[in-house]
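Chemist:
There are 2 protein chains.
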Amino acid sequence: MTDRAYELRPIAWVESSLVDLEVAPKQGDEGAPDADLVFNPGVADGIKDLRVGQEIIVLTWLDRARRDVLVLHPRGDERNRRRGVFSTRSPDRPNPIGLHRVEIIAIDGCTIRVRNLEALDGTPVIDVKPILEPIGDR
Amino acid sequence: MTDRAYELRPIAWVESSLVDLEVAPKQGDEGAPDADLVFNPGVADGIKDLRVGQEIIVLTWLDRARRDVLVLHPRGDERNRRRGVFSTRSPDRPNPIGLHRVEIIAIDGCTIRVRNLEALDGTPVIDVKPILEPIGDR
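Here is the structure:
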């Protein structure tokens with residue numbers, strides 16, 4: 250075990266009508282808007298096989314989250330008992346990574362539009378993965 | 250859009266019998282062994298509500314992957330046509346984050362044992378999230 254750190258370099262950025270952390274939905278199925286993922290042209294080859302209609306997992310870096318929180322009231326509601334952050338989906342956590350399962354609804358060059366993304370405008374995107382299909386299709 | 254980078258700090262490390270990248274399974278359901286997640290004592294409060302029998306998502310930093318790959322033959326098999334990395338689950342990608350859905354089978358202090366983890370011994374763990382349950386349980 251070491252104290253080594255690793256450097257994340259964003260591959261894309263979220264363009265969204267969501268700009269206010271206070272009113273943002275907690276999860277994509279709670280009224281999050283459609284949003285654009287605007288990829289760095291340097292990774293264009295990596296997205297060339299993504300298709301409209303496909304479901305993907307988008308990983309984001311929730312850059313407005315707090316990294317010093319280990320225990321909190323889930324969903325920011327004090328009626329919920331305090332829990333360790335690794336038992337919650339709170340953005341506040343040591344490495345504030347967001348995990349979003351979304352459908353691709355349009356592709357235009359390096360811009361990919363997805364449905365119901367609960368991430369604020371300007372959020373860095375750090376990875377995209379396909380939903381796993383049977384082995385032959387991986 | 251900026252060139253800003255972000256710093257990941259591992260919260261735990263994998264202890265596993267898997268030490269050889271060449272023979273490691275590609276996915277957890279392809280014969281991966283049980284493994285220990287050894288958490289940094291500094292994040293102990295964050296794991297206090299995890300329970301044996303629970304399913305969690307473990308995010309790892311696949312520190313032996315290549316970050317300069319954007320197109321590859323899926324599963325390292327040249328019979329598969331070359332695809333953009335964001336349409337594959339290859340560890341080789343700009344930010345080599347591993348996503349593993351596993352069950353907790355034992356907890357001993359800061360060590361959590363999980364079933365079928367396809368990550369090499371010494372791999373840094375960067376986040377743990379619960380599988381989402383109905384809203385009342387979040």
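If you're matching them up, the sequences are chains C and E in order. All residue numbers for the first sequence refer to this note's numbering, where the first residue is 250 and numbers rise by one. All residue numbers for the second sequence refer to this note's numbering, where the first residue is 250 and numbers rise by one. Every residue, glycine too, gets a C-beta built ideally from N, C-alpha and C.
My understanding is that E/L267 touches E/L369, with C-beta atoms under 8 Å, so please give their C-beta distance in whole angstroms.
Modeler: The count along the second sequence starts at 1 and reaches residue 267 of chain E at position 18. The count along the second sequence starts at 1 and reaches residue 369 of chain E at position 120. Right, their Cβ atoms sit about 5 Å apart.
Chemist: Is DSSP giving E/D386 helix, strand or coil here?
Modeler: Position 137 of the second sequence, counting from 1, holds the residue named residue 386 of chain E. Its pLDDT being 39, under 50, E/D386 is placed unreliably by the model, and the measurement read from it follows with that caveat. Note: E/D386 maps to helix in three-state DSSP.
Chemist: Do you know offhand how far C/I384's Cα is from E/R338's?
Modeler: Residue 384 of chain C sits at position 135 when you count from the first residue of the first sequence. Residue 338 of chain E sits at position 89 when you count from the first residue of the second sequence. Residue placement at C/I384 cannot be trusted, given a pLDDT of 44 that sits under 50; what the coordinates show is reported in the next sentence. Spanning the two alpha carbons is a distance of roughly 11 Å.
Chemist: Report the rounded CA-to-CA distance for C/V307 versus C/R350, giving the unit in angstroms.
Modeler: As a working mapping, residue 307 of chain C is identified with position 58 in the first sequence. As a working mapping, residue 350 of chain C is identified with position 101 in the first sequence. Rounded to whole angstroms, C/V307 to C/R350 spans 6 Å at the Cα level.
Chemist: Given a cut-off of 7 Å on the beta-carbon distance, is the pair E/V318 and E/D341 in contact?
Modeler: Here residue 318 of chain E refers to the residue found at position 69 when the second sequence is read from its first residue. Here residue 341 of chain E refers to the residue found at position 92 when the second sequence is read from its first residue. E/D341 is positioned such that its CB atom lies closer than 7 Å to that of E/V318.
Chemist: Three or more C-beta pairs closer than 8 Å, one from the region 318 to 327 of chain E and one from the region 357 to 367 of chain C: is that the case here?
Modeler: no
Chemist: Between E/P345 and E/A314, is the Cβ-Cβ spacing less than 7 Å?
Modeler: Numbered from its first residue, the second sequence carries residue 345 of chain E at position 96. Numbered from its first residue, the second sequence carries residue 314 of chain E at position 65. Contact flag set, yes.
Chemist: Taking the Cβ atom as the reference point for each residue, do E/D294 and C/G333 lie within a distance shorter than 7 Å?
Modeler: Locating residue 294 of chain E in the second sequence gives position 45, counting from the first residue. Locating residue 333 of chain C in the first sequence gives position 84, counting from the first residue. Yes. Within cutoff.
Chemist: In the structure shown, what three-state DSSP assignment does C/G358 receive?
Modeler: Taking the first residue of the first sequence as position 1, residue 358 of chain C is located at position 109. Of the three classes helix, strand and coil, the one that applies to C/G358 here is coil, per DSSP.
Chemist: Using the C-alpha atoms, what's the distance from C/D269 back to C/I260?
Modeler: The residue you call residue 260 of chain C lines up with position 11 of the first sequence. The residue you call residue 269 of chain C lines up with position 20 of the first sequence. In a straight line, the C-alpha of C/I260 is about 23 Å away from that of C/D269.
Chemist: Please compile the residues from chain C whose C-beta is within a distance smaller than 8 Å of the C-beta of E/R338.
Modeler: Taking the second sequence and counting its residues from 1, the one referred to as residue 338 of chain E is at position 89. Listed along the chain, the chain C residues whose CB falls inside 8 Å of the CB of E/R338 are K378, P379, L381 and R387.
Chemist: Please identify the residue among E/D252, E/R331, E/N329 and E/G371 whose C-alpha is closest to the C-alpha of C/R253.
Modeler: Translated into positions along the first sequence, residue 253 of chain C becomes position 4. When only C-alpha atoms are compared, the closest one is E/G371.
Chemist: For E/I356, return the contacting residues in chain C, with the cut-off set at a CB-CB distance below 8 Å.
Modeler: As a position in the second sequence, residue 356 of chain E is number 107, starting the count at 1. Within 8 Å Cβ-Cβ: nothing; E/I356 doesn't reach chain C, min ~12 Å.
Chemist: Between which two residues does the beta strand (DSSP E) carrying E/D285 extend?
Modeler: The count along the second sequence starts at 1 and reaches residue 285 of chain E at position 36. Its beta strand (DSSP E) spans residues A284 to F288.
Chemist: Just to make sure I have the definition right: I need the residues of chain E whose C-beta is within less than 7 Å of the C-beta of C/D285. Which are they?
Modeler: By one-based count along the first sequence, residue 285 of chain C stands at place 36. By Cβ distance, chain E contributes nothing, its closest Cβ being about 12 Å from C/D285, past 7 Å.
Chemist: Is there at least one Cβ from chain E nearer than 7 Å to C/V334's Cβ?
Modeler: On the first sequence, position 85 is the one that residue 334 of chain C refers to. So yes, C/V334 belongs to the interface.
Chemist: Who are the near neighbours of C/N329 in its chain, counting only those whose CB is closer than 6 Å to its CB and skipping five residues on each side?
Modeler: Working through the first sequence from its first residue, we reach residue 329 of chain C at position 80. Cβ within range, chain order: H322 and P323.
Chemist: Per DSSP, what are the beta-bridge partners of C/R326 in this structure?
Modeler: Position 77 of the first sequence, counted from the first residue, corresponds to residue 326 of chain C. A small correction: the amino acid at residue 326 of chain C is Asp; Arg does not occupy that position in the sequence shown. BP columns for C/D326 are empty, so no partner.
Chemist: Please report the distance separating the alpha-carbon of C/V263 from that of E/D285.
Modeler: The count along the first sequence starts at 1 and reaches residue 263 of chain C at position 14. The count along the second sequence starts at 1 and reaches residue 285 of chain E at position 36. So the two alpha carbons sit approximately 35 Å from each other.
Chemist: What in chain C is Cβ-close to E/R364, meaning under 7 Å?
Modeler: Counting from 1 along the second sequence, the entry for residue 364 of chain E is found at position 115. Near E/R364 there are no residues of chain C at all, since even the closest Cβ is about 17 Å away, more than 7 Å.
Chemist: Check whether the Cβ atoms of E/L311 and E/G347 sit closer than 7 Å, and answer yes or no.
Modeler: For this step, residue 311 of chain E is matched to residue 62 along the second sequence. For this step, residue 347 of chain E is matched to residue 98 along the second sequence. Contact: yes.
Chemist: With the cut-off set at 7 Å, would you say C/F335 and E/V377 are in Cβ contact?
Modeler: Translated into the one-based positions of the first sequence, residue 335 of chain C becomes position 86. Translated into the one-based positions of the second sequence, residue 377 of chain E becomes position 128. Yes. Within cutoff.
Chemist: In three-state terms, what does DSSP make of E/V391?
Modeler: No information on residue 391 of chain E is available, as it lies outside the stretch 250 to 387 that chain E covers here.
Chemist: Quick one, are the C-beta atoms of E/E304 and E/I356 less than 7 Å apart?
Modeler: Here residue 304 of chain E is taken as the residue at index 55 of the second sequence, counted from 1. Here residue 356 of chain E is taken as the residue at index 107 of the second sequence, counted from 1. No, Cβ-Cβ distance for E/E304 and E/I356 is not below 7 Å.
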